[in-house]
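Q: Starting off with a structure, shown below.
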Amino acid sequence: MNIRRGRTAIVGTGEVPTGRFPDRSAIEIALDAARLAIRDAGIDKDEIDFVIPTTAVFSFQFSNELTTCRLVEELGLKNVSANATVFSGGSSSTNALRIASALIETGRARSILFVHCDKLGTGVSAQGGIDLFSTAGISMEWEVPFGQHYSTVAALATQRYKHETGTTDEQLSAVCVSNRKWAELNPNAYFRKPLTIDEVMASKMLSTPLRAKHSNMLFDGGAAFVVTSADHARELTDQPAYVLGEGGVVTHFAYHQEPDLTRFGWARAGRQAFLEAGIEPADIDVAEIYDSYPIYQLIAFEEIGLAPRGHAGRLHLEGATAPGGRIPTTTDGGMLSKGHIGAGGSVSLLVEAARQVMGRAGPRQVPGCRFAVETAVGGTYMDAQVTILGSDVPRGRPA
Amino acid sequence: MSGATTAPARPRPVVQPWARPFWDSARRHELVLQHCNACNQAIHYPRVACPHCGGGDLGWRRASGRGTLYSFTVVESNAPSAFIADMPYVVAVVRLDEGVQMLSNVVQCDPGELRCDQPVEVVFERLDDEFTLPKFRPLR
Ligand SMILES: [Zn+2]
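Residue numbers (this note's numbering), protein chains in the order written: chain A, 1 to 399; chain B, 400 to 539.
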């Protein structure tokens, strides 16, 4: 097998605050994020030779503009050979990075700009958001007629996981509290006031056992990153975020087809990623875990090997995942506290993982962060995507 | 009933032609499952070809209508517009005795009494002239 480990790297990230910005257009958000990423990478804009936008769920018109090269024109990029949208819902970031790395490794591109923005906070009403996510990624024949939507999707996994592992509502709620503690340190996060387990457990019941504060909320926001070859990365910075390994497993389209709603494909995806990276779960310094609902943070955390089955809730309750804890987790506050911006949920987490290994995470910086793992998933948890970034490239067994 | 209501109609299944026998049977209060004659396995939801072996020799068999609650949830708020009037309602993944999973609703029950793995049986609820939905109730 070829050694693919560490052949490409993220060299710059850009992000704007998550929130409700009725006066800011989608393109303004996208351009701000893109320009921040190019500046952070320390490259000239005309070094970008490939642009990968992802879809903005709030507007088909705007997404079409991104697909038809609006970013290239607005940014005045002079040397772009191709502009191609990559979209797989919440796992778009991973798939964009995967494709970008392949293009760079094969010499098809040199410096790739990925951009995401969405306006789900002000571009759609609250009920409109619920209705949008009662059909998006949900089978129109076999699930929509029964009232399936994203709260029930999360609740079905939560109920079964509680049944099989004995995890408590208090432990599930501890995920929200842990992520909030990180958001308190993140100026780009929407929810920054301290949160208690009692507040989470007193919030309105949505779909049993899922409560309002177990649910993400939709906002406006955007982020971008620049990927290049490892050789070029070393010319740009002493501490790039090398792409060390990745793994992915696609499990289903219709949620009820998933044979195990308490595991999904995480274990196999995690094994692939760690094998390729040449490290073990115990080597991880920071875990950026996709957290649209607490249940998914617990499941992925366990299945990729960061804790034994059924132990993740307790670890969150004990503070192991919070600032100062043993396994700093979802350090930008995640979708539960930073806010959910569509495909941007995992873009934020990937950008935060890169910032952590590049030493650029500000007040949230985990000292000496060498290896970060990031998870992403799209649709109704249709795929399990795992990415490992590192500040150096481990030698050892080739993947 | 109070005057004007703007709630959208309940969504009807968007039917693929190869699944038509499932819905036609449901209208007659029969639960049927697609069956692969090559690898002898039940299939749900219906496919153009067997998802197990890829074969195209598919037929239909009447199902037992019995299974267990793999998981369930009681929707108490923030439902999609078309389902607001139905709250509280139960969404469940049912594991049928034939070995396939189905998304449906649990009805004729006290939602607070439901438990994972409890036995359930099919019942039928009319949606309109064309569609009757297979739903489930606790097995008595
Ligand atoms: Zn077959």
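Just so it is clear, CB atoms sit at the ideal spot from N, CA and C, and this is done for glycine as well.
Is cysteine 542(B) near ligand 1, judged by its Cβ being under 7 Å from some heavy atom?
A: For chain B, the structure presents residues 400 to 539; residue 542(B) sits outside this window and is missing.
Q: Strictly by DSSP, which residues pair up with arginine 536(B)?
A: For this step, residue 536(B) is matched to residue 137 along the second sequence. Bridge partners of arginine 536(B): Glu520(B).
Q: In whole angstroms, what separates the C-alpha of isoleucine 130(A) from that of aspartate 118(A)?
A: Taking the first sequence and counting its residues from 1, the one referred to as residue 130(A) is at position 130. Taking the first sequence and counting its residues from 1, the one referred to as residue 118(A) is at position 118. Computed Cα separation, rounded: 16 Å.
Q: From valine 489(B) to serine 470(B), what distance separates their C-alpha atoms?
A: Within the second sequence, the letter at position 90 stands for residue 489(B). Within the second sequence, the letter at position 71 stands for residue 470(B). So the alpha carbons of these two residues sit roughly 10 Å apart.
Q: Examine the Cβ distances between the region 247-266 of chain A and the region 7-22 of chain A and report whether three or more of them are shorter than 8 Å.
A: Counting Cβ pairs under 8 Å, fewer than three are found: no touch.
Q: Residues in the region 142-155 of chain A with C-beta within 7 Å of chain B's C-beta atoms, listed in sequence order?
A: Those residues of the region 142-155 of chain A that come within reach of chain B (Cβ to Cβ, closer than 7 Å) are Trp142, Glu143, Val144, Pro145, Phe146, Gly147, Gln148, His149, Ser151, Thr152 and Ala155.
Q: Can you tell me whether DSSP reads alanine 491(B) as helix, strand or coil?
A: Here residue 491(B) refers to the residue found at position 92 of the second sequence. Alanine 491(B) falls in the strand class under three-state DSSP.
Q: Going along the chain, which residues of its own chain have a beta-carbon closer than 6 Å to the beta-carbon of glutamate 524(B), five neighbours each way excluded?
A: The residue given as residue 524(B) occupies position 125 in the second sequence. Once the five neighbours on either side are set aside, the close Cβ partners of glutamate 524(B) are Leu532 and Lys534.
Q: If you reduce the DSSP assignment to three classes, tell me which class leucine 244(A) lands in.
A: As a working note, residue 244(A) is residue 244 in the first sequence. Three-state result, leucine 244(A): strand.
Q: With a threshold of 7 Å, establish whether the CB of histidine 214(A) neighbours any heavy atom of ligand 1.
A: What you label residue 214(A) is simply residue 214 of the first sequence in a count that begins at 1. Because no heavy atom of ligand 1 lies under 7 Å away, the Cβ of histidine 214(A) does not count as near it: no.
Q: Which of the three DSSP states is assigned to isoleucine 10(A) in this structure?
A: The sequence position of residue 10(A) within the first sequence is 10, counting from 1. It is a strand residue.
Q: Let me know the beta strand (DSSP E) ranges lying completely inside the region 67-154 of chain A, each 3 residues or longer, listed in chain order.
A: Runs of the beta strand (DSSP E) inside the region 67-154 of chain A: 111-119.
Q: Is any heavy atom in ligand 1 found nearer than 7 Å to the beta carbon of histidine 443(B)?
A: What you label residue 443(B) is simply residue 44 of the second sequence in a count that begins at 1. No, the beta carbon of histidine 443(B) sits no closer than 7 Å to any heavy atom of ligand 1.
Q: Following a CB-centred definition, is glycine 454(B) positioned closer than 7 Å to any heavy atom of ligand 1?
A: As a working mapping, residue 454(B) is identified with position 55 in the second sequence. Yes, the beta carbon of glycine 454(B) sits closer than 7 Å to at least one heavy atom of ligand 1.
Q: Skipping 5 residues on each side, what residues in its chain have a beta carbon closer than 7 Å to that of glutamate 429(B)?
A: Within the second sequence, residue 429(B) is the residue found at index 30, counting from 1. Closer than 7 Å at Cβ, skipping near neighbours: Arg461.
Q: Within the present structure, is the beta-carbon of histidine 451(B) separated from the nearest heavy atom of ligand 3 by less than 7 Å?
A: With respect to ligand 3, the structure shown offers nothing to examine, as its ligands consist of ligand 1.
Q: What are the start and end residues of each continuous alpha helix (DSSP H) run of 4 or more residues lying completely inside the region 15-66 of chain A, in chain order?
A: Segments of the alpha helix (DSSP H) lying fully in the region 15-66 of chain A: 26-41.
Q: With a threshold of 16 other CB atoms inside 10 Å of the CB of leucine 550(B), please say whether the residue is buried or exposed.
A: Lying outside 400 to 539, the shown extent of chain B, residue 550(B) is not represented and no answer is given.
Q: Consult DSSP for tyrosine 469(B) and reduce its assignment to one of helix, strand or coil.
A: Numbered from 1 along the second sequence, position 70 holds the residue referred to as residue 469(B). Reduced to three states, the DSSP call for tyrosine 469(B) is strand.
Q: Considering only the beta carbon of each residue, do proline 209(A) and alanine 155(A) sit closer than 8 Å?
A: Position 209 of the first sequence holds residue 209(A). Position 155 of the first sequence holds residue 155(A). In contact: proline 209(A) and alanine 155(A) (Cβ atoms closer than 8 Å).
Q: With a threshold of 8 Å between beta-carbons, can valine 473(B) be considered close to chain A, or not?
A: On the second sequence, position 74 is the one that residue 473(B) refers to. Yes, contact with chain A.
Q: Determine the extent of the beta strand (DSSP E) in which methionine 501(B) is found, giving its start and end residues.
A: If you number the second sequence from 1, residue 501(B) lands on position 102. Per DSSP, methionine 501(B) belongs to the beta strand (DSSP E) from 500-505.
Q: Any beta carbon from chain B within less than 8 Å of leucine 97(A)'s own beta carbon?
A: Within the first sequence, the letter at position 97 stands for residue 97(A). Taking Cβ atoms only, chain B never reaches closer than 8 Å to leucine 97(A), which makes this a no.
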